[in-house]
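Report on one structure; see the data block that follows.
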Amino acid sequence: MSFKTEEYVLNVGPQHPSTHGVFRMRITLDGEIVKDVEPIFGYLHRGVEKLMEMRTYKQGIPMTDRLDYVSAINNNWPYVMAVEELAGIEVPEKAEYMRVIMAEMQRISSHYLAVGSQMNDMGSFYTVFMYMFREREKLTDLMEMVTGQRMMYNYMRFGGVSQDFPKEFVPLLRKFLRIFPKYMKEYEDLLYDNEIYLSRTKGVGILTREDAINISTSGPVLRSAGVDFDVRRDLPYSIYNKFKFDVPVGKNGDVYDRVWIRMEEMKQSASIIEQALDMMPAEGKYQTKVPVVLHVPEGKTYKRIESPRGILGCYLESDGSDKPYRCHFRAPAFINLTALKKLMVGQTLSDAIITFGSVDLSMGEVDR
Amino acid sequence: MRMGKEIKMKTYDALSKQFEYVKTGNGFAEIPSENILECTEWLKNEAGYDYLEMITASDHNEKFLLVYTLINVVDKTDIIIRTSVPREKPEIDSLSNIWTGADFQEREIFDLMGIVFKGHKNLKRIVLWDGFEGHPQRKDFKDVI
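Here the protein sequences line up with chains A and B, keeping their order. Reminder that position 241 of the first sequence reads as 241 in my numbering, one-by-one numbering, no gaps. Reminder that position 43 of the second sequence reads as 43 in my numbering, one-by-one numbering, no gaps.
See the structure below:
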């Protein structure tokens, strides 16, 4: 006796229980195996690139914050670097250290959210998530002490940063870094020996090395496939060539490797912050003087940084006036999204949802 | 760092020796739009630039300027290629059959700027909704409101 089967189209709608944002997928299922995935997005498209052409350069900095709202300070950096190169503005040394410290703190708190919401997808309903938010709240409080904001910081300026560190900031940051290894050990004991976690993540969502390069993925997704490439070490910007840090690289390209890479990167970021606090000069200016309405000479440039999700770049064209002519952002989450079709087809539906969580999307960046 | 720059200069020299239509200078290579497929395939297979990083476009009144950046992950260098298409006939070959990573980026440029990529298997709007008329990132776009 044979069954008559037919394929069924399931709509995983724009609202999600995890913090993945407004993203819609149409999944074609045969039983429980995924046959085809069609991603549909654009629900958060605000036209940021066109809006920036109608505002002055300085008014564009808060608009870049709203691109990848989970890790907001990193988005200011390539735009500010591009304008500084075209206009010939120099950044004082103390301001470079402050930028690095804030960006690495943001990397740690972004990875906490990524791993926490991945655990949500696996069924541990907000347990690991709330433990990780315990640390993320401490980091958010520290950043509020410096910038005055909890989420859209608007901290970097052309030629430096907007405010100096208050005198309570550095001792409190050092206190956080002293207890940080104890928290990391707590998470490793919770996760890496857990049978359910190991059987749900090992061998799931495998991406080969050739595919990872062909699909232009970047960040932890590229490094999990065995490609040893990190913009901070290989095409360095700012003062990253002064710090010693390791770049974790995975072997198998599965979901276990991606979570492991994010946990290891958090430890490396804490080490970079410690080195920066030790090497930062005590005296010095934190911003070069720049005219209020800035006219940037004509030119075209492209600058890239390593954000928690991958390679974030800014392509800037200017025509000599006080507004940009064209500003485009190379968004890593938008391009990593192309890998979904390759990763999800052929797996069961529950494994497909876990794979989708491990790519770590942020919809503000995908739609712009 | 200096070794990376030397490899990059050698690549620009080799590229302009290989194809006579290449013009280099100021840190990028400029080519005519018909030869984009030939040039990027040579860079991928012979020179090791197999990671396509970014495609973007901008509107310069009589023509559209297109910018492609590629990275060599083994030698750790990057290369920038520029080309342009005329405004009356904005068409260029698609790279999505060689690099899957070009798929969404070319759809976004078609959606917002109106450049048609020949050979793309699924060229439809991606960020705006399906019934939208016009291409908003062009300089002469007027909103209906």
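For glycine and all other residues, C-beta sits at the position ideal for the given N, C-alpha and C. None of these values were measured; they are calculated from a predicted model.
(Q) For A/D278, report the span of its alpha helix (DSSP H) as first-last. (A) 255-279
(Q) A/R24 and A/D12 - do their beta-carbons sit closer together than 8 Å? (A) The displayed chain sequence assigns Val, not Asp, to residue 12 of chain A. Result yes, Cβ atoms of A/V12 and A/R24 sit closer than 8 Å.
**Q.** Whole runs of the alpha helix (DSSP H) within the stretch 115-158 of chain A, excluding any shorter than 4 residues
**A.** 127-147
**Q.** Backbone CA spacing between A/E7 and A/K35 [nearest angstrom]
**A.** 9 Å
Q.
Taking CB distances under 8 Å as the criterion, tell me whether B/L128 reaches chain A.
A. yes
Q) In chain order, what residues of the stretch 34-63 of chain A put their CB closer than 8 Å to some CB of chain B? A) F41, G42, H45, G47, E49, K50
Q) Quick one: which chain A residues come within Cβ less than 7 Å of B/L52? A) S216
Q. Near A/M266, which residues of its chain fall below 8 Å by C-beta distance, leaving aside the five closest residues on each side in sequence?
A. R107, I108, H111, Y112, M184
(Q) Bridge partners for B/G27 per DSSP, in chain order? (A) According to DSSP, B/G27 bridges with nothing at all.
Q | B/T11, DSSP secondary structure in three states | A | helix
Q: Thinking B/I92 and B/F132 are a contact (beta carbons under 8 Å), I'd like their distance in whole angstroms, please.
A: That belief does not hold up - the Cβ atoms of B/I92 and B/F132 are roughly 22 Å apart, past 8 Å.
Q | Paired residues, beta bridge with B/T56 - DSSP | A | B/V67
Q: State the start and end residues of the unbroken beta strand (DSSP E) segment that holds A/Y240.
A: Run containing A/Y240: none; DSSP gives neither H nor E here.
**Q.** Nearest residue (CA-CA) to A/H16, options A/P78, A/N120, A/T64, A/E96
**A.** A/N120
Q: Note down, in chain order, all residues in the stretch 313-328 of chain A with a beta-carbon under 7 Å from any beta-carbon belonging to chain B.
A: G313, Y315, E317, R326, H328
Q: With A/V457 as the anchor, note down where its alpha helix (DSSP H) starts and where it stops.
A: The requested residue 457 of chain A does not occur in the structure, where chain A is confined to residues 1 to 368.
Q. Taking the continuous beta strand (DSSP E) assigned at A/N214, which residues delimit it?
A. Unbroken run through A/N214 is the alpha helix (DSSP H), 209-214; no beta strand (DSSP E).
(Q) With three or more C-beta pairs closer than 8 Å as the rule, is the stretch 31-47 of chain A touching the stretch 6-24 of chain B? (A) no
Q | For A/G116 and A/V128, the rounded distance between their alpha carbons | A | 6 Å
Q. Among the residues of its own chain, which have a CB less than 6 Å from the CB of A/E85, if the five just before and after it don't count?
A. T301
**Q.** First through last residue of the alpha helix (DSSP H) which encompasses A/L312
**A.** Note, A/L312: premise wrong, no alpha helix (DSSP H); beta strand (DSSP E) at 310-318.
Q) Does the distance from the C-beta atom of A/I305 to that of A/N154 stay below 8 Å? A) no
(Q) With a threshold of 6 Å on Cβ separation, who are the neighbours of A/F356 within its own chain once the five nearest residues in sequence on each side are excluded? (A) none
Q: Kindly say whether A/F229, judged by its beta-carbon, lies nearer than 8 Å to any beta-carbon of chain B.
A: yes
**Q.** C-alpha gap between A/S321 and A/H295, whole angstroms
**A.** 5 Å
Q. Alpha carbon to alpha carbon, how far is A/D230 from A/Y315?
A. 20 Å
**Q.** DSSP state of B/M1 mapped onto helix, strand, coil
**A.** The predicted model places B/M1 with a pLDDT of 44, which falls under 50 and marks its position as unreliable, so this point remains unresolved.
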